[in-house]
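Residue numbering for the sequence shown follows the UniProt record's numbering, beginning at 1 and increasing consecutively.
Beta carbons: idealized from backbone N, C-alpha and C, even for Gly.
If you're wondering where the values come from, they're calculated on a predicted model, not measured in any experiment.
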Amino acid sequence: MEIADELAETRAQGWRTLAALHARIEDALERALQRAHDLSVSEYSLLDVLSRQDEFSGCYLRMTQLSRAVVLSQSATTRLVTRLERRGMLQRYLCPDDRRGIYTEVTPEGRAVLEQARSTHDDSLAEALRAAAELPELAPLVDALAALPTLPARVL
Numbered sequence: 001m002e003i004a005d006e007l008a009e010t011r012a013q014g015w016r017t018l019a020a021l022h023a024r025i026e027d028a029l030e031r032a033l034q035r036a037h038d039l040s041v042s043e044y045s046l047l048d049v050l051s052r053q054d055e056f057s058g059c060y061l062r063m064t065q066l067s068r069a070v071v072l073s074q075s076a077t078t079r080l081v082t083r084l085e086r087r088g089m090l091q092r093y094l095c096p097d098d099r100r101g102i103y104t105e106v107t108p109e110g111r112a113v114l115e116q117a118r119s120t121h122d123d124s125l126a127e128a129l130r131a132a133a134e135l136p137e138l139a140p141l142v143d144a145l146a147a148l149p150t151l152p153a154r155v156l
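Okay, structure coming up:
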């Protein structure tokens, strides 16, 4: 095997390991959030991102920005917003400065669900990371996550 092939295989193995950790965490979060709050991970993430808009005075996300923030396609984000809007957790309105833009914000009902779900999310995440840290192939990634500096939550 040539050096280039070895580097490619190392990168591919690193990606597979990262994907395995992500899948374990997302599965644990999905099960916990669905069971306790009837929310998917994507729904929770979208509510969480939108709830943080208020932290940035006058800064509201357009759908394209929102889709990047929750790591979904624009069409998947629109479907997700529609679903949560039907459940009374979100509301959409036209941008006052640009009538082509649509903003979305969390309703009081959505904030209540999010606040109830936050501890479930955080506890499930911590437990999934603890379990992953016990696996030799995932432990280095969990350690790398733990070593990341704590940054303030940012929407943009």
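Three-state secondary structure assigned by DSSP to residue i
i, result
"Arg62", "strand"
"Val106", "strand"
"Gly14", "helix"
"Arg100", "coil"
"Pro140", "helix"
"Asp38", "coil"
"Thr150", "coil"
"Val70", "helix"
"residue 160", "The chain is shown from 1 up to 156; residue 160 falls before or after that span and cannot be answered."
"Ser57", "Only weak support exists for where Ser57 lies, its pLDDT of 48 falling under 50; the value from the coordinates is given anyway. Of the three classes helix, strand and coil, the one that applies to Ser57 here is coil, per DSSP."
"Leu135", "coil"
"Glu2", "coil"
Contact with chain D by residue i, beta-carbon distance below 8 angstroms
i, result
"Arg35", "Chain labels in this structure do not include chain D; a single protein chain is all it has."
Those residues which DSSP pairs with residue i across a bridge
i, result
"Gln91", "Glu105"
Range of the contiguous alpha helix (DSSP H) that encloses residue i
i, result
"Thr82", "74-86"
"Glu43", "41-51"
Integer-rounded CB distance, given that residue j should sit under 8 angstroms from residue i
i, j, result
"Glu105", "Leu46", "Going by Cβ atoms, the distance from Glu105 to Leu46 rounds to 12 angstroms, so no, they are not a contact pair."
"Gln74", "Thr64", "6 angstroms"
"Asp48", "Leu114", "7 angstroms"
"Leu138", "Thr10", "Rounded, the Cβ-Cβ distance is 17 angstroms, inconsistent with contact."
Reference residue i; option with closest CA among the options
i, options, result
"Ala112", "Leu94, Pro96, Leu90", "Leu90"
"Asp27", "Leu61, Ala144, Glu2, Ala132", "Ala132"
"Ser40", "Thr150, Thr120, Ala144", "Thr120"
"Ala76", "Ile3, Asp98, Ser42, Arg62", "Ser42"
"Leu135", "Ala20, Thr10, Arg79", "Ala20"
"Val70", "Arg52, Cys59, Arg87", "Arg52"
"Ala128", "Asp97, Ala32, Glu6, Gly110", "Ala32"
"Ile25", "Thr150, Ala117, Asp123", "Asp123"
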